[in-house]
Structure formats: structure tokens, C-alpha cells
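Working notes for the structure below.
Residue numbers (this note's numbering), protein chains in the order written: chain A, 2 to 396; chain B, 20 to 153.
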């Protein structure tokens, strides 16, 4: 992969609160996030040249496909072109990468990236079935495997190989719920304890309900422009120093070692190279904690600690705000919520706030460089973005 | 979305009924389900059909307690990744044993079972499950 021909900057972000929005439709959600992003960027819809929107399974959740056109229409942006991207829970990170390519190529100068999902209109078993579409339908889901089941088997194996403990899994959820207390857009504002996690019902052993990110409704939006024109719009542009994506087998069962995600390793290597930073140079990260075990596995794969030491790192508090590498200051997927199609864009919204110094009580002091890590399925798609206050070298 | 009450393309999946996969004669790797192209050797590879012995061991496992549509009557049920003795892995339910009896590394063998019913008409979907070697 080559470096983009133009640097890219984020000039505006917006999000809805994540949660159970009984009174809002998919259209309402994306409209609210879109308007907030436009207001944040202080631009008008006329400035937008392209819309790229991620949604995972709007067809199965609300019976609505063609969400590219929906986003354009309800954000009032017709006849601007619109593209929908789908990569399971990484749908809107992939949207951002497509937007970056559109700007880097020189074809467009201002792109709106969206992500939205409306998941709470269906029963739990239907949501489980829709989400299971992100795995290998014929060889995994056919036999009754669920997503909690996929990550449970990864957890079981990680515990077997590295001695990761049940308490360490719980501590991921405890930390992320604690962070979400200070995020007004988070689904949950409820502190939990290790005991609370252990008392919650088993979903797929060893994972319990409080190890799992919740089903949610929500949307997020990001406005990107070429870096050279960013100062026209804002005094605090946030630069996209790396936009990388990698793939792995659709079926998790085919992988040699399920305690690691090869697409994590591959994408991280390229992202650090593109951005010219090392893992130790990351000040704050949003890491895909769809299940507690994934934060542990992915922190290892991203190089924040040695392989196998992810549980210990959480236990020693190294991923808390104010510590060595704060992870999921927003509350993460676990407590901020996981409206799958919106999640990747939502991670970027949080990190832009952190880098601008606008994150309130959850602010990481002096945050200069941030990493967003978004997984589709069991790691069949991984997208990583590195953001910075500094334009740095051409990436 | 309601499924039709007729058999789909899966009726032609030989791997589902006889654990039929493939082997690359060039690099010696086994694949389940079978592949037309070896991902390592690509077009240089030479794939041949291989019927797995059905014997293997548990690589990892879980107990599913929140089921997808169609599996409600089975919960809680055991699911595992089984490493076949030839080296390829499969996802399968474990049957004829209790959750507390299962361990990583446990020897298992394939058996032929009902997976679920498609549609309210009761069309039965079959496939393999694994059970402990007694």
C-alpha cells in the first residue's frame, strides 16, 4: 500500500447519544448526527461533495437497505453521490477509509462520513441472528454458533494459553463503565463492580452478560477535507495520519491461533508505519471491546503490551485514564454502546474530542496522538486509524 | 425473515454429511470445507478430495445460552472448534456429554445429527456434531 497523495484532516464530528431510542427511526438518528457534524465544522450541506455511510444490517434490523441514498436524502444533500459500506461492526471505519481515498485521489474536497444502526426494533434472537451474519454462515452460524460464542471460544483459549483470569475480563467492563460515567453520549451511566459482572447471567461460557457490549441505536458523523484547506474551517483540525484496513478468514475456526487476530497485527504494522509512530507514541486509544476479551487480545496485538499480558495490563490499571495508555475513554463498545454500523465513526468522534481537549472529565491530559481500532466480525475485517493534532510527515 | 419450506443449496454440500474436504498434494495441508484453490500454493497447488476420519480433539469450546433463531429448544448447548487428526478444524456442537465434562484437548469423534428445523413446516436440516470418544 502507498501513502495517500494528499493529507487528510477532520474538521467536524457529531454523534447521537447511544441507547434504546424508541422514538427515533434510522433516519432521525443519522439526521441528528449529520447536523451536529455540520454545525461542528461550521459548514453548510452545500460544501459536502460525497457521503460515505456505514451500516451493517439495516435490512434485517429495520427492513431498510439502500442506506447510502437514505443518508444523502435525509441529511438534505441530494443530488450528491452517496455510498454505503458494509463490513459488519467495522462498517463505518471502512466508510472513513473510503472517504480518505476519495480525498487522497483528488476527486473530492469535502466528504461526510456517516455510520448508523437501529437495532432495538427486533427481538434478541433476531438480533443475534442478524449479527451472526458477520461470521461464516455455512460453516459456523449454521451449527448454532453465536457472536458471544465466537469470542467465548477465543477467551477460553486465551485463558488456557496465557492464564488470563475471569477477574481480568471483568475488570475491562468495570473500567469501561467507569469511563462512560463522564460521557453524556454513552448508553450506560452506571458504575459496576467485578461482583456485578460475576453475578450477571452466563451468555456463552465463560462470558457473562456484563462482558458483552449492548444492542443499541445510534449514529455518528465525521467531516473530512484535504489537510491544506483544513485551517479555513477550524483552528483545531485533527489530522488522519494513517487509514488502514486488513482482512482475515471469514470463519474464525480456520485460524491457526485464535488468541490473536492476524488482521490486527497486519493493520497495526502498516498504520504505525504510515503514521511514523510506535505503539508507545499513542496517547489514547479506542479499542474494539465488543466483548471484554477482545480489548485484551487487541491491546496485545496493537503492541500496547506483550502477547499474553493483556489481562495483567488491565489488572494493573495501565489502561485507565491518567495511566500509561488510556483505552476506551468513551466507555467503549461495552458501556458507550455498540450500534454496530455507527461504532467505528463513533470511536473517531471520541478521539477527535480527546485531541481537541474537549473530553471534559474523561480528558487524557496532553493527548497528541490517538488510535482507533475497529473489528468486523471475529477479526475478518480490521480497520485502524491514527489521528494526531500534528500534521507530521506526509502519510 | 421466514425461510422457504424447501431445501436450499445446502443439500448439495457434501462436507456437511460426510466430512469431505480437500488436501493440497503440493504443500500437504488439509482444508475443511474443501477448497478449489490452495490459499498457500494458489494455482501451483494440486487439490484432491479428502474424506476426514472424523476423529479429532477439542481446540476450544463454549456453552451457548443465548441462541439464534431456530436453536431455542436446544439451549444450553455446547459448541466447539474441533481439530481433526489430519490438522483441519471445524465448528460443531458437542453432544452426549455435559459442559463440566469437556476439556481442551479432549478426544472426540463425528456423528450425524439433526441441526435444526427450517421453517414452521418442520423441514429438518442435518449435519455433523461431535461426541466424546468413550
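From the three backbone atoms N, C-alpha and C, an ideal C-beta is built for every residue, glycine too.
When the Cα of residue i is compared with those of the options, which residue comes out closest?
i                      : options                       : result
residue 131 of chain B : B/115, B/125, B/142 and B/120 : B/115
residue 177 of chain A : A/84, A/199 and A/296         : A/296
residue 173 of chain A : A/11, A/316 and A/34          : A/316
residue 118 of chain B : B/144, B/134, B/92 and B/150  : B/150
residue 91 of chain A  : A/367, A/208, A/135 and A/314 : A/135
residue 9 of chain A   : A/105, A/159, A/132 and A/393 : A/105
residue 53 of chain A  : A/147, A/31 and A/216         : A/31
residue 99 of chain B  : A/113, A/140, A/40 and A/101  : A/140
residue 129 of chain A : A/307, A/151 and A/109        : A/151
residue 305 of chain A : A/279, A/290 and A/292        : A/279
residue 13 of chain A  : A/236, A/385 and A/386        : A/236
residue 148 of chain A : A/93, A/194 and A/214         : A/214
residue 91 of chain B  : B/136, B/25 and B/37          : B/136
residue 73 of chain A  : A/94, A/27, A/101 and A/89    : A/27
residue 180 of chain A : A/193, A/111, A/170 and A/238 : A/193
residue 211 of chain A : A/43, A/137, A/189 and A/226  : A/189
residue 169 of chain A : A/101, A/309, A/383 and A/69  : A/309
residue 125 of chain B : B/96, B/25 and B/101          : B/101
residue 364 of chain A : A/386, A/244, A/184 and A/311 : A/184
residue 343 of chain A : A/247, A/15, A/272 and A/300  : A/15
residue 393 of chain A : A/199, A/301 and A/275        : A/275
Would residue i be called buried (16 or more neighbouring beta carbons within 10 Å of its own) or exposed?
i                      : result
residue 164 of chain B : This structure gives no information on residue 164 of chain B, because the portion of chain B shown stretches from 20 to 153.
residue 37 of chain A  : buried
residue 62 of chain A  : buried
residue 348 of chain A : buried
residue 351 of chain A : buried
residue 242 of chain A : buried
residue 33 of chain A  : buried
residue 323 of chain A : exposed
residue 396 of chain A : With a pLDDT of only 38 at residue 396 of chain A, under 50, the local geometry of the prediction cannot be trusted, and no value is derived from it.
residue 31 of chain B  : exposed
residue 122 of chain B : exposed
residue 87 of chain B  : buried
residue 238 of chain A : buried
residue 124 of chain A : exposed
residue 340 of chain A : buried
residue 171 of chain A : buried
residue 200 of chain A : exposed
In terms of DSSP beta bridges, what is residue i paired with?
i                      : result
residue 218 of chain A : A/20 and A/119
residue 240 of chain A : A/10 and A/389
residue 384 of chain A : A/246 and A/375
residue 99 of chain B  : B/80 and B/111
residue 213 of chain A : A/292
residue 43 of chain B  : B/66
residue 146 of chain B : B/132
residue 370 of chain A : A/389
residue 39 of chain A  : Residue 39 of chain A pairs with nothing; no bridge assigned.
residue 74 of chain B  : B/128
Are there any heavy atoms of the ligand NAP lying less than 8 Å away from the beta-carbon of residue i, as far as the coordinates show?
i                      : result
residue 311 of chain A : No copy of the ligand NAP appears in this structure; indeed no ligand is present at all.
Indicate the three-state DSSP secondary structure (helix, strand or coil) for residue i in the structure shown.
i                      : result
residue 297 of chain A : helix
residue 124 of chain A : coil
residue 161 of chain A : helix
residue 139 of chain B : coil
residue 149 of chain A : helix
residue 60 of chain B  : coil
residue 36 of chain B  : helix
residue 274 of chain A : helix
residue 396 of chain A : Annotation note: pLDDT 38 at residue 396 of chain A (below 50); position unreliable, no value reported.
residue 26 of chain B  : coil
residue 104 of chain A : helix
residue 365 of chain A : coil
residue 78 of chain A  : coil
residue 53 of chain B  : coil
residue 89 of chain B  : coil
residue 347 of chain A : helix
residue 195 of chain A : helix
residue 200 of chain A : helix
residue 333 of chain A : helix
residue 227 of chain A : strand
residue 132 of chain A : helix
Could you round the C-beta distance between residue i and residue j to whole angstroms and report it? I think they count as a contact, below 8 Å.
i                      : j                      : result
residue 319 of chain A : residue 374 of chain A : No, residue 319 of chain A and residue 374 of chain A are not in contact; Cβ-Cβ is about 17 Å, not under 8 Å.
residue 372 of chain A : residue 303 of chain A : 7 Å
residue 380 of chain A : residue 262 of chain A : 3 Å
residue 221 of chain A : residue 116 of chain A : 5 Å
residue 57 of chain B  : residue 48 of chain B  : 7 Å
residue 110 of chain A : residue 50 of chain A  : 6 Å
residue 191 of chain A : residue 107 of chain A : Wrong, their Cβ atoms sit about 48 Å apart, outside the cutoff.
So which residues on chain E does residue i lean against when the C-beta distance must stay under 8 Å?
i                      : result
residue 188 of chain A : The structure shown contains no chain E; its protein chains are A and B.
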